[in-house]
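Its first residue numbered 1032, the sequence shown is counted upward by one per residue in this note's numbering. The structure appears right after this line, and notes come after that.
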Amino acid sequence: IKMTLTMALDDEQLIADAKATLIKNDLGGYTVPTHGLYPFQWNWDSAIVALGWLPFDEPRAWEEATSLLSAQWKSGMVPHVVFHKHSDTYFPGPDIWGVKNTPDSTSITQPPVLATVIRQLFEQTKDRVLVDSQIEQIVKQLIDYHLWWYKQRDPEYTGLVVSYHPWESGMDNSPAWDEALRAVPKVGWEYTRRDINHIDASERPHKEEYDRFLYLVDFFRKMNFDDTLIYQDCPYRVNDVSIISILHRGTKDLLALCKALNIDNKQTEYLAHRMDLTEAAIGKLWSAETNMFHSFDTRSNKLCSARTNAGLLPLFAGLVNEKFTPKLIEVLDDWLLDRPFAISSTHHDDPCYEPQRYWRGPIWLHINWMIVLGLEDYGFLKQAKQVTDASRNLIYTSGFNESFHAETGARSGGADFSWTAAMALYWLL
Ligand code: 9YW
1032 IKMTLTMALD DEQLIADAKA TLIKNDLGGY TVPTHGLYPF QWNWDSAIVA
1082 LGWLPFDEPR AWEEATSLLS AQWKSGMVPH VVFHKHSDTY FPGPDIWGVK
1132 NTPDSTSITQ PPVLATVIRQ LFEQTKDRVL VDSQIEQIVK QLIDYHLWWY
1182 KQRDPEYTGL VVSYHPWESG MDNSPAWDEA LRAVPKVGWE YTRRDINHID
1232 ASERPHKEEY DRFLYLVDFF RKMNFDDTLI YQDCPYRVND VSIISILHRG
1282 TKDLLALCKA LNIDNKQTEY LAHRMDLTEA AIGKLWSAET NMFHSFDTRS
1332 NKLCSARTNA GLLPLFAGLV NEKFTPKLIE VLDDWLLDRP FAISSTHHDD
1382 PCYEPQRYWR GPIWLHINWM IVLGLEDYGF LKQAKQVTDA SRNLIYTSGF
1432 NESFHAETGA RSGGADFSWT AAMALYWLL
């Protein structure tokens, strides 16, 4: 299937193409984001992709989640990449991460959108025997995962968990990280990137960023992956507003699942208490200058200055109070004004905006989907429709790409991309 579509195809054809994309990327129990560029299982990709399988293969949707959870660490952490099968087309692989687990994985995690996805699967799967055979085990693992987040990533009970790597945010080269990353030394050894064999360098992070990404990977290994040591000494330690929002929404959805399953115990009480702490602390991430939320660098004690789409995700979490809501919506209205394609990952007036470079401008559909769910919860239906239409335009313009050029809607990053096909199937078509 050729995904460089220049004109709108009818929806039926697009649905068939989206299904074919997932089937093509299926490596048996898990779906790679796209062949070549990302040949393994990624955490938040898999969660989103499960939603794409749901309308046409329910068992496969659930399997996407269980294969990811099969890599859960004893601590409760669910890794950001699971290296189920060997591949040479991606760098850095398991040898560089140095983790001694089976299956091989990285030592960091990714935004925990899985709990929200499992709630949707639980509510929408028609085959209830399938649901009943899996749900309790999955919920148990999700509770461990969320407990790990709060205990290890917010040991001081601040209400705001921390992240140790831009890869952990899933928004690798977002300008939000520029200042915090500058404090990280560059790695001392030579290496060969593989990403720029697949994608033009103008659409990827710079070497400057990779040098620091790899320093951090080395650092985790040197710390023996010890959560306490890393919390103390990691040179990069950020309150990522996207992770905080996704975690908060995920915990809410997880507690709703627990209620449906009559699970009510010390652990669920603890999670509810952690949610209260986050609600009390979120104001720290609000900027009265930009009227939106920002991530916070806990090393320099400063808000990250760039205006990015992550700053809208507290809507998804239900973390925006009455005082902030009208201001944030005003910012969004301005962001969307006269834009056939939206929402750019960095605001088009921000000095760091680059419409073609990965998380510095291009549009990502799964982020739009989360923002739309938030807008609907808050009753901003006009804006929800605007973002949904602007997202559908992208599919019509250029198909199932990793992300989209913020001005032209053209492909940015990889083609034949699983999470975009999944969002098309589950949400847009
Ligand atoms: C990398 C797989 C992943 C996504 C991330 C995205 C990118 C990996 O690809 O990171 O090597 O740059 O930033 O969000 O999960 O699609």
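For glycine and all other residues, C-beta sits at the position ideal for the given N, C-alpha and C.
With 16 other Cβ atoms within 10 Å as the buried cut-off, status of T1065 | The count along the sequence shown starts at 1 and reaches residue 1065 at position 34. Its Cβ being crowded by 16 or more others within 10 Å, T1065 is buried.
Under three-state DSSP, which class holds D1163?
-> If you number the sequence shown from 1, residue 1163 lands on position 132. Of the three classes helix, strand and coil, the one that applies to D1163 here is helix, per DSSP.
Does DSSP put S1422 in a helix, a strand or coil?
-> Locating residue 1422 in the sequence shown gives position 391, where the first residue counts as 1. Of the three classes helix, strand and coil, the one that applies to S1422 here is helix, per DSSP.
From P1125, S1375, S1098, D1231, pick the residue whose C-alpha is nearest to that of G1519; which is it?
-> Lying outside 1032 to 1460, the shown extent of the chain, residue 1519 is not represented and no answer is given.
By Cβ distance below 6 angstroms, which residues in the same chain neighbour W1208 in space, the five residues on each side in sequence not counted?
-> For the purposes of this step, residue 1208 is identified with residue 177 of the sequence shown, where counting begins at 1. Around W1208: P1197.
Fully enclosed by the stretch 1052-1085, which alpha helix (DSSP H) runs are 4 residues long or longer?
-> 1074-1084
For W1317, the three-state DSSP class (helix, strand or coil) | As a position in the sequence shown, residue 1317 is number 286, starting the count at 1. Reduced to three states, the DSSP call for W1317 is strand.
Buried versus exposed, by CB contacts within 10 Å (16 or more), P1070 | Position 39 of the sequence shown, counted from the start, is the residue given in the question as residue 1070. P1070 should be labelled buried.
Taking only heavy atoms of the ligand 9YW into account, decide whether any of them is closer than 7 angstroms to the Cβ of M1202.
-> The residue labelled residue 1202 in the question sits at position 171 within the sequence shown. At least one heavy atom of the ligand 9YW is nearer than 7 angstroms to the Cβ of M1202, so yes.
By Cβ distance below 6 angstroms, which residues in the same chain neighbour I1046 in space, the five residues on each side in sequence not counted?
-> As a working mapping, residue 1046 is identified with position 15 in the sequence shown. Once the five neighbours on either side are set aside, the close Cβ partners of I1046 are L1460.
When the Cα atoms are used, what is the spatial distance from R1213 to K1157?
-> The count along the sequence shown starts at 1 and reaches residue 1213 at position 182. The count along the sequence shown starts at 1 and reaches residue 1157 at position 126. In this model, R1213 and K1157 are separated by some 50 angstroms (Cα to Cα).
Shortest alpha-carbon distance to D1231 belongs to which of V1144, A1446, Y1427?
-> The residue labelled residue 1231 in the question sits at position 200 within the sequence shown. Residue A1446 is the option with its Cα nearest to D1231.
Which stretch, first to last residue, makes up the alpha helix (DSSP H) that contains L1278?
-> Taking the sequence shown and counting its residues from 1, one reaches residue 1278 at position 247. 1272-1291 is the extent of the alpha helix (DSSP H) around L1278.
Tell me whether F1244 sits in a helix, a strand or coil according to DSSP, three-state version.
-> For the purposes of this step, residue 1244 is taken as residue 213 along the sequence shown, with counting starting at 1. Helix, per DSSP.
Enumerate, from N- to C-terminal direction, the unbroken alpha helix (DSSP H) stretches of 4 or more residues contained entirely within the stretch 1373-1459.
-> 1396-1409, 1412-1429, 1449-1454
Compute the Euclidean distance between the alpha carbons of K1426 and D1420, then round it to the nearest angstrom.
-> By one-based count along the sequence shown, residue 1426 stands at place 395. By one-based count along the sequence shown, residue 1420 stands at place 389. Reading off the sequence, residue 1426 comes out as Ile, not Lys. Using only the alpha carbons, I get a separation of about 10 angstroms.
Just curious, the alpha helix (DSSP H) that S1138 is in, first and last residue?
-> Here the question's residue 1138 lines up with position 107 in the sequence shown. Where S1138 is concerned, there is no enclosing alpha helix (DSSP H), given that its DSSP letter is neither H nor E.
Run the proximity test for D1126: is its beta-carbon closer than 7 angstroms to any non-hydrogen atom belonging to the ligand 9YW?
-> Translated into the one-based positions of the sequence shown, residue 1126 becomes position 95. Because no heavy atom of the ligand 9YW lies under 7 angstroms away, the Cβ of D1126 does not count as near it: no.
Assign Q1417 to buried or exposed, taking buried as 16 or more other Cβ atoms, counted over all protein chains shown, within 10 Å of its Cβ.
-> Counting from 1 along the sequence shown, the entry for residue 1417 is found at position 386. Result: buried.
Taking Cβ positions, are V1109 and Y1176 nearer each other than 8 angstroms?
-> For the purposes of this step, residue 1109 is taken as residue 78 along the sequence shown, with counting starting at 1. For the purposes of this step, residue 1176 is taken as residue 145 along the sequence shown, with counting starting at 1. Going by C-beta atoms, V1109 is nearer than 8 angstroms to Y1176.
Cβ contact check for the stretch 1215-1226 and the stretch 1283-1292: 3 or more pairs under 8 angstroms | Touching, no.
Three or more C-beta pairs closer than 8 angstroms, one from the stretch 1450-1459 and one from the stretch 1395-1404: is that the case here?
-> yes
Report yes or no: do the stretch 1128-1140 and the stretch 1263-1271 share at least 3 C-beta pairs separated by less than 8 angstroms?
-> no
Determine contact between the stretch 1145-1161 and the stretch 1073-1084, defined as no fewer than three beta-carbon pairs at a distance below 8 angstroms.
-> Here the stretch 1145-1161 lies against the stretch 1073-1084, with 3 or more beta-carbon pairs under 8 angstroms apart.
Any idea which residues DSSP pairs D1328 with across the strands?
-> Your numbering for residue 1328 matches position 297 in the sequence shown. DSSP, once it has assigned bridges, lists V1269, K1333 as partnering D1328.
C-alpha distance - R1442 paired with S1233, whole-angstrom precision | Your numbering for residue 1442 matches position 411 in the sequence shown. Your numbering for residue 1233 matches position 202 in the sequence shown. Looking at the two C-alpha atoms, the distance is approximately 13 angstroms.
How about the stretch 1385-1397 and the stretch 1342-1360: do they share at least three Cβ pairs that are nearer than 8 angstroms?
-> Fewer than three pairs of CB atoms, one per stretch, sit closer than 8 angstroms, so the stretch 1385-1397 makes no contact with the stretch 1342-1360.
Cβ of D1369 versus every heavy atom of the ligand 9YW: is any distance shorter than 7 angstroms?
-> Residue mapping note: residue 1369 aligns to position 338 of the sequence shown, counting from 1. No, the Cβ of D1369 stays beyond 7 angstroms of every heavy atom of the ligand 9YW.
In chain order, what residues of the same chain lie with their CB nearer than 6 angstroms to the CB of T1321, ignoring the 5 residues before and after it?
-> Position 290 of the sequence shown, counted from the start, is the residue given in the question as residue 1321. For T1321, where only same-chain residues beyond five positions count, the Cβ hits under 6 angstroms are R1338.
Could you tell me the distance, in whole angstroms, from the CA atom of V1248 to the CA atom of E1199?
-> Residue 1248 sits at position 217 when you count from the first residue of the sequence shown. Residue 1199 sits at position 168 when you count from the first residue of the sequence shown. V1248 and E1199: Cα-Cα distance of roughly 11 angstroms.
May I ask whether a heavy atom of the ligand 9YW can be found less than 7 angstroms away from the beta carbon of Y1069?
-> The count along the sequence shown starts at 1 and reaches residue 1069 at position 38. Y1069 Cβ: within cutoff of the ligand 9YW.
Can you round the beta-carbon distance between I1398 and N1340 to whole angstroms, since I take them to be within the 8 angstroms contact cut?
-> For the purposes of this step, residue 1398 is taken as the residue at position 367 of the sequence shown. For the purposes of this step, residue 1340 is taken as the residue at position 309 of the sequence shown. Right, the Cβ-Cβ distance comes to about 5 angstroms (below 8 angstroms), so this counts as a contact.
Determine the DSSP secondary structure at V1362, reduced to helix, strand or coil.
-> Locating residue 1362 in the sequence shown gives position 331, counting from the first residue. V1362 falls in the helix class under three-state DSSP.
With DSSP run on the structure shown, which of helix, strand or coil describes L1036?
-> Reading the sequence shown from its first residue, position 5 is the one you call residue 1036. Confidence at L1036 is low in this model, with a pLDDT of 45, below 50, so the placement of that residue should be treated as unreliable; the coordinate-derived value is given next. Looking at L1036 - three-state DSSP - the assignment turns out to be coil, as it is neither helix nor strand.
Buried or exposed for L1191, please, with buried defined as at least 16 other CB atoms from any protein chain shown within 10 angstroms of its CB.
-> Residue numbering aside, residue 1191 sits at position 160 when the sequence shown is read from its first letter. The residue in question, L1191, is buried, as its Cβ has 16 or more Cβ neighbours within 10 Å.
Who are the near neighbours of S1375 in its chain, counting only those whose CB is closer than 8 angstroms to its CB and skipping five residues on each side?
-> Translated into positions along the sequence shown, residue 1375 becomes position 344. Here the set comprises N1340, W1366, Y1384, P1386, G1392, P1393, I1394, A1437.
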